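Everything below concerns the one structure shown next.
Chains as they are written, first to last, in the working numbering: chain X, 1 to 743; chain V, 1001 to 1077.
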């Protein structure tokens, strides 16, 4: 290792329009050496990657894809702050790598024109040259490089082509001079900027020319507030400068786009050649996909395909059956090889039942993410947003909220992260706050068990529709309707504001790259497994422990004595009638012992303590404590119900499915059944609406950088769940004429 | 002066200016809707809104409310 290697890596900022293959290029350049995080105070993701070439280490700072460097919010300010080295958390980049889409140079050069003004050594990656060729566009790379005064390297990031050339160019960046870049602005504008800069200097304030230009251009006043340069009367000076510019025919802010696009046209003259080609396949596909009739039909069919595949017995069902069988086998293996006692109970009832009950949903999650990844990668998601915008605008949102909400049907965590596609802060917040209401896959087990056990099977329309499927769909609808109402209310109250614009690029269609899709599915699947292995594992163990301990056998001493006596009698008995009577007594004793021990357990005590609260929902203390235990992660409910309704009943635990155990459950010391249709509906609605997911709340905290929003989400969703469960219980009890139990 | 919101699919027009100087107009300008640029109306979403247009080699969708700030001249008039 040479001494040079020990020096700090060269910091290079990566910038470019969305849909230019920027992420693919970032991944190709840095390989696996990446780390992500958040910038303090804003919601922008911080992505770093490093690679080595010729004894040099290069650190890439990935900036969010954007069309312009004109900040109007703290999030947009980050890119400018990073590039100007104004951020304490980040080193000032020594160079900039700008990614351009070769097929779309006219718009892509806009941000390049802004970057060149920063006068940092710059390298251009001319990406997607193959896609450009299909559109009949050829670029004279040599001439473009000459005009821009910076190296231009053609790449095909998805094929890995040009990546090595880019690495070499970056290794030499230190010796490259900053670009000579004449300002594209008209003389009048430059004079005003120089005048303002002079004013600042006389006030002992130093500001780079770029910031002063921005200050003059930003009529929203955001930058003035943010930078607070030059004191009170400086605002007056800016206003006067703007007025003079308007009179001279260079009104701000329009002058910027006009000057820059003028520069772009000059630069590209003779550089880009467009051969007339028949409309590319992408355009012809687009005609169909966005057609008012065919596009809508396709969209509906696509959504049906996605959801039927996810819930079909044939696609997801098969691997789910394997996983289930695997865990059953494991449970039996452990159960029959270990001596009875706390350790066996922990492994079988706690760990295997808890983690297995969750991992079973892995295939469904992977299938849903597979579809989402394909739709995103091929460019359809922007069309989905376009098709859905009108519907979403009714509740004050835009079509851009569609993608995050669709992802939330798999899991709200990636859904919340996907809200990054929404630039408007209020819109983004509303979408984030309603994302957990979409029925994620963790709710499926609750629905499946409750429906199978308590919804009477009916068929309509010759078996095409049945009451089970209808109830299942109804639960999804409960979440969607609640989300619509909540979004509407939020947009009318605490997150009120003008309807944000909907200006969305519809990128060309392309074949999804299977490696990108595969990588995405593996990443999401793995994070789900990790969650099951850590959070769910820990909660299963905790819930088991809370339900097992203090395990004070003294309180059931008389029953235990009688149990031993009955067992001895049973061994000696020969009379068939007597055997039957003894076996019945044995079962009753077992039941009483396990019930008494659970009631005395810590979980049981907590359940009884909250019983008055859950009684109006038709629940007893056991349902209450199962729900309580599910607040860290709702998947825990299945394991918990299993633990609660079998604790101590170990011999029969494996032979009786949970569904039957629940059907047999009665209110304490009575023979009134605990569950019935209204109670089952009440439980399902509660789980559909409640924020029982610590991980989602943590992600909302991370994305909003504030405790306020996760707390708000938790409070409003829990309230909604309680009210919803109460209402459905009373309504269902009234309609089915079920007596409301008040034991 | 006509605005972009009232054209049929297939119509080609030239941008003459953008109304206003707020965020929305800056955004439209940045996306390439600058005076002199030609664009084509490619389609309307099923419920009549947003609009899909093609300009400087790419496709953009925007709501009618935004399109009504884009003042245009009809190419064939």
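For glycine and all other residues, C-beta sits at the position ideal for the given N, C-alpha and C.
If you're wondering where the values come from, they're calculated on a predicted model, not measured in any experiment.
List the whole-angstrom C-beta distance separating residue i from residue j, where the pair is believed to meet the contact cut-off of C-beta under 8 Å.
i: residue 49 of chain X; j: residue 22 of chain X; result: Going by Cβ atoms, the distance from residue 49 of chain X to residue 22 of chain X rounds to 12 Å, so no, they are not a contact pair.
i: residue 411 of chain X; j: residue 525 of chain X; result: That pair is no contact at about 11 Å.
i: residue 641 of chain X; j: residue 532 of chain X; result: The pair is not a contact, with the Cβ atoms about 17 Å apart (cut-off 8 Å).
i: residue 11 of chain X; j: residue 61 of chain X; result: 6 Å
i: residue 186 of chain X; j: residue 219 of chain X; result: So it is not a contact: roughly 18 Å between Cβ atoms.
i: residue 1053 of chain V; j: residue 1060 of chain V; result: 6 Å
i: residue 71 of chain X; j: residue 82 of chain X; result: In fact, because the Cβ distance is near 11 Å, the residues do not count as touching under 8 Å.
i: residue 14 of chain X; j: residue 210 of chain X; result: The Cβ separation is near 19 Å, so there is no contact.
Check the Cβ-Cβ distances between residue i and every residue of chain X, and say whether any is below 8 Å.
i: residue 1001 of chain V; result: no
i: residue 1136 of chain V; result: Here chain V covers residues 1001 to 1077 and nothing more, so residue 1136 of chain V does not appear.
i: residue 1012 of chain V; result: no
i: residue 1047 of chain V; result: yes
i: residue 1038 of chain V; result: no
i: residue 1004 of chain V; result: no
i: residue 1060 of chain V; result: yes
i: residue 1066 of chain V; result: yes
With a threshold of 8 Å between beta carbons, is residue i in contact with chain V?
i: residue 648 of chain X; result: Any reading at residue 648 of chain X is ruled out, since the residue's pLDDT is 40, under 50, leaving its predicted position unreliable.
i: residue 505 of chain X; result: yes
i: residue 70 of chain X; result: yes
i: residue 654 of chain X; result: Only weak support exists for where residue 654 of chain X lies, its pLDDT of 42 falling under 50; the value from the coordinates is given anyway. So, not an interface residue.
i: residue 220 of chain X; result: yes
i: residue 387 of chain X; result: yes
i: residue 104 of chain X; result: yes
i: residue 295 of chain X; result: yes
i: residue 390 of chain X; result: yes
i: residue 107 of chain X; result: yes
i: residue 254 of chain X; result: yes
i: residue 110 of chain X; result: yes
i: residue 501 of chain X; result: yes
i: residue 290 of chain X; result: yes
i: residue 476 of chain X; result: no
By the 10 Å Cβ neighbour count, where 16 or more other Cβ atoms means buried, how is residue i classified, buried or exposed?
i: residue 16 of chain X; result: buried
i: residue 692 of chain X; result: buried
i: residue 684 of chain X; result: buried
i: residue 206 of chain X; result: exposed
i: residue 511 of chain X; result: exposed
i: residue 460 of chain X; result: exposed
i: residue 1057 of chain V; result: buried
i: residue 364 of chain X; result: buried
i: residue 59 of chain X; result: buried
i: residue 424 of chain X; result: buried
Could you please give me the residues that DSSP links to residue i through a beta bridge?
i: residue 38 of chain X; result: X:45
i: residue 466 of chain X; result: X:459
i: residue 1058 of chain V; result: V:1055
i: residue 505 of chain X; result: V:1060
i: residue 693 of chain X; result: X:633
i: residue 1074 of chain V; result: V:1013
i: residue 744 of chain X; result: An answer regarding residue 744 of chain X cannot be provided, because it is not within the stretch 1 to 743 covered by chain X.
i: residue 340 of chain X; result: Partner(s): none; residue 340 of chain X has no beta bridge.
i: residue 659 of chain X; result: Beta-bridge pairing links residue 659 of chain X to no other residue.
i: residue 26 of chain X; result: Its beta-bridge partners do not exist; DSSP assigns none.
i: residue 1044 of chain V; result: V:1051
i: residue 152 of chain X; result: X:124
i: residue 553 of chain X; result: DSSP output for residue 553 of chain X lists no bridge partner at all.
i: residue 51 of chain X; result: X:58
i: residue 285 of chain X; result: Per DSSP, none; premise fails for residue 285 of chain X.
i: residue 161 of chain X; result: X:156
i: residue 358 of chain X; result: Partner(s): none; residue 358 of chain X has no beta bridge.
i: residue 481 of chain X; result: Bridge partners of residue 481 of chain X: none, in fact.
Return yes when the C-beta of residue i is under 7 Å from any heavy atom of the ligand NAP, and no when it is not.
i: residue 340 of chain X; result: Inclusion of the ligand NAP in the displayed structure is not the case, the ligand content being empty and no account of it being possible.
How would you list, in chain order, the residues of chain C whose beta-carbon sits under 7 Å from the beta-carbon of residue i?
i: residue 257 of chain X; result: Judged by its chain identifiers, the structure shown contains no chain C, and its protein chains are X and V.
Is it true that the stretch 1058–1073 of chain V meets the stretch 1020–1035 of chain V, where meeting means three or more beta-carbon pairs spaced less than 8 Å apart? Touching, yes.
Does the stretch 132–139 of chain X touch the stretch 255–274 of chain X, meaning 3 or more C-beta pairs lie closer than 8 Å? Taking a contact to require three or more Cβ pairs closer than 8 Å, the stretch 255–274 of chain X and the stretch 132–139 of chain X qualify as touching.
Three or more beta-carbon pairs under 8 Å between the stretch 620–637 of chain X and the stretch 572–589 of chain X, yes or no? Taking a cut-off of 8 Å on C-beta distances, the stretch 620–637 of chain X does not touch the stretch 572–589 of chain X, as fewer than three cross pairs fall below it.
Decide yes or no for the touch test of the stretch 498–509 of chain X against the stretch 276–291 of chain X: beta carbon pairs closer than 8 Å, at least 3 of them. These segments touch.
Is it true that the stretch 340–350 of chain X meets the stretch 479–486 of chain X, where meeting means three or more beta-carbon pairs spaced less than 8 Å apart? No, they do not touch.
Given 8 Å as the limit, is there contact between the stretch 431–440 of chain X and the stretch 695–713 of chain X, that is, 3 or more CB pairs closer than that? Yes, they touch.
Is the stretch 137–152 of chain X touching the stretch 118–126 of chain X in the sense that three or more CB pairs, one from each, lie closer than 8 Å? Touching, yes.
Three Cβ pairs or more, each shorter than 8 Å: is that satisfied between the stretch 539–558 of chain X and the stretch 592–604 of chain X? Taking 8 Å as the limit for Cβ pairs, the verdict is that the stretch 592–604 of chain X does touch the stretch 539–558 of chain X.
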